[in-house]
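Structure, as structure tokens:
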Amino acid sequence: MAMTGVMRPGHVCIRVLDMEESLVHYKDRLGLQEVDRDDSGRVYLKAWDERDWFSVVLREADAPGMDFMGFKVDGTAALDTFEQRLKDAGATTERIPAGELNHCGERVRFDSPTGHLFELYADKDYMGTMMGLVNPDPWHEECCTGMAVQRFDHCLLYGSDIDGTVKLFEDALDFRLTEQVMDGELRVAAFITCSNKAHDLALVRHAEDGKFHHASFLLGSWEEVLRAADIIGRFKISIDIGPTRHGITRGRTIYFFDPSGNRNEVFHGDYSFYPDYEPITWTAEELGGAIFYHDQVLNERFLTVVT
Amino acid sequence: MERAGDETFEVFITDTGESFRCGAGQTLLGGMERLGRKGIPVGCRGGGCGVCKVHVTAGEVRCRKMSRAHVSAEDEARGIVLACRCRPASDIRLAVIGSMDKAFLKHAQAGGAR
Ligand code: FES
Ligand SMILES: [Fe+2]
């Protein structure tokens, strides 16, 4: 499919309680590379297969969680258009000047009915991968360290009015619903995409707004998911659940927590979603298998623990 | 920094009347989990989610940084802390405050589809 407009999740800014121990986690364990720091103390990281300068920003704070999630759009004209469409759809927008995040161009930040802050941007400095663009090797051992995550892939966020946030992303940004969980007439979870992935953003209905469930990173195979689990065991990283299989999106996955209690996922595999596809629906009575396909039972912690 | 934690202390959970031995180098939550015991809800284990919140009513704990979204400075001064971030410095009595608060889940499990 042609991929225009909003192209992909481009960054996530995560609050951490202690920067140094968080860097051990995100750099040495996940395998992200530190690419910059700024005057306010934020640390910028990127995965080995990402080309733009950074995808994860860590900020030390009193409470963990997510500051904002950013999506890259295809050009400054698109940025202007989406800004207007967001306003028309009732969102409050704000222009953040280029350079407020190092290496990132002007951003359009907007709020959402679930209380999360998102932003769009068209430009980010190009760093490239270690393998380059001419006759590249598939990977280099120097950059594929730790779990060797390939890219920041998506977030799952919790809040009450998920229908409102889904509608905003559909109406203003051309996202599509790929999967949903219905409890009778009530939609309790939604998976939406701007591309042809099974999801670029997921939302779960929850009493409290603005909550962060996880940031997810892509791996190249199921074997790499097991290898990530070995690293989790070796370094006694706080695990949530897995390795296992999701019914929803079909991802093969493992969930664990960073040292501040923010949940991370590393996963492999989904399916391609095309614009003519109808969404997949899961019913609440089959929620166990929808979420964890092997056990077919719900893990309380997975569903309730957020930052 | 982690301490070797040869010394162990008694942690008494008033809600259940159960107790377990916890090393000085382990967190209250980690010590409980390590023995396969239950009583305090286990969440992120990183001081972020608040589900392991306890009220230490007797004894001394040493705590690392905890999410201010769940434990205010006043709470902390009163012994309301996150069990995953605190290590015992004496025998401890505690009451469990935190819980796994399910949102839509309770309904889904109890009733299934309408
Ligand atoms: S388990 Fe999450 S704060 Fe202790
Ligand atoms: Fe995910």
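Going down the list, the sequences are from chains U and H.
So in the numbering used here, spot 232 of the first sequence is number 423, and the numbers just go up one at a time.
So in the numbering used here, spot 3 of the second sequence is number 10, and the numbers just go up one at a time.
Cβ coordinates follow ideal geometry from the N, Cα and C atoms, glycine included.
Touch test, the segment 337–346 of chain U against the segment 236–248 of chain U, Cβ-Cβ under 8 Å, three pairs minimum: yes
Local conformation of Glu-9/H per DSSP, three classes: Low confidence applies here, because Glu-9/H scores a pLDDT of 49, under 50, leaving its location unreliable; read the following figure in that light. Coil at Glu-9/H, not helix or strand.
DSSP state of Ile-104/H mapped onto helix, strand, coil: coil
Lys-237/U beta carbon near ligand 1 (any heavy atom closer than 8 Å): no
Distance CB(Glu-477/U)-CB(Gly-452/U) smaller than 9 Å: no
Contact the segment 466–486 of chain U vs the segment 17–26 of chain H: 3+ CB pairs below 8 Å: no
Under the three-state DSSP convention, the category Cys-70/H falls into: strand
Any non-hydrogen atom of ligand 2 within 8 Å of Gly-442/U CB: yes
Top-ranked residue by Cα proximity to Gly-401/U, from Leu-364/U, Gly-256/U, Arg-367/U, Lys-358/U: Gly-256/U
Interface flag, Ala-381/U vs chain H, CB-CB below 9 Å: no
Chain-ordered neighbours of Lys-72/H on chain U, where CB pairs are closer than 9 Å: Leu-208, Asp-209, Asp-253, Ser-451
Proximity of Asp-391/U and His-345/U at Cβ, strictly below 9 Å: yes
Ligand 2 heavy atom lying under 8 Å from the CB of Glu-476/U: no
Closer than 8 Å: His-405/U CB and nearest ligand 2 heavy atom: yes
Extent of the continuous beta strand (DSSP E) to which Ser-213/U belongs: Careful: Ser-213/U lies outside any beta strand (DSSP E), inside the alpha helix (DSSP H) at 210–214.
Residues that DSSP places opposite Lys-402/U in a beta bridge: Tyr-349/U
DSSP beta-bridge partners of His-397/U: The partner list for His-397/U (beta bridge, DSSP) is empty, contrary to what the question assumes.
N- and C-terminal bounds of the beta strand (DSSP E) containing Asp-227/U: 224–228
Three-state class that DSSP yields for Leu-499/U in the structure shown: Because chain U here runs from 192 to 498, residue 499/U falls outside it and cannot be looked at.
Cβ contact (3+ pairs, closer than 8 Å) linking the segment 91–105 of chain H and the segment 29–49 of chain H: yes
Boundaries (first-last residue) of the beta strand (DSSP E) holding Gln-341/U: That residue, Gln-341/U, is in no beta strand (DSSP E); it is neither H nor E in DSSP.
CB contact check: Gly-232/U to chain H, cutoff 9 Å: no
Cβ of Phe-43/H within 9 Å of any chain U Cβ: In the sequence on display, residue 43/H carries Gly and not Phe. Cβ-Cβ to chain U under 9 Å: no for Gly-43/H.
Pick from Val-88/H, Val-78/H, Cys-51/H, Gly-30/H that is closest to Leu-42/H, judged by C-alpha positions: Gly-30/H
Cβ-heavy atom distance, Phe-502/U to ligand 2, below 8 Å: In the structure as shown, chain U starts at 192 and stops at 498, and residue 502/U therefore has no counterpart that could be examined.
The segment 491–498 of chain U in contact with the segment 77–91 of chain H per 3-pair CB rule at 8 Å: no
8 Å Cβ cut-off: residues of chain U touching Arg-52/H: Ser-429, Phe-448, Gly-452
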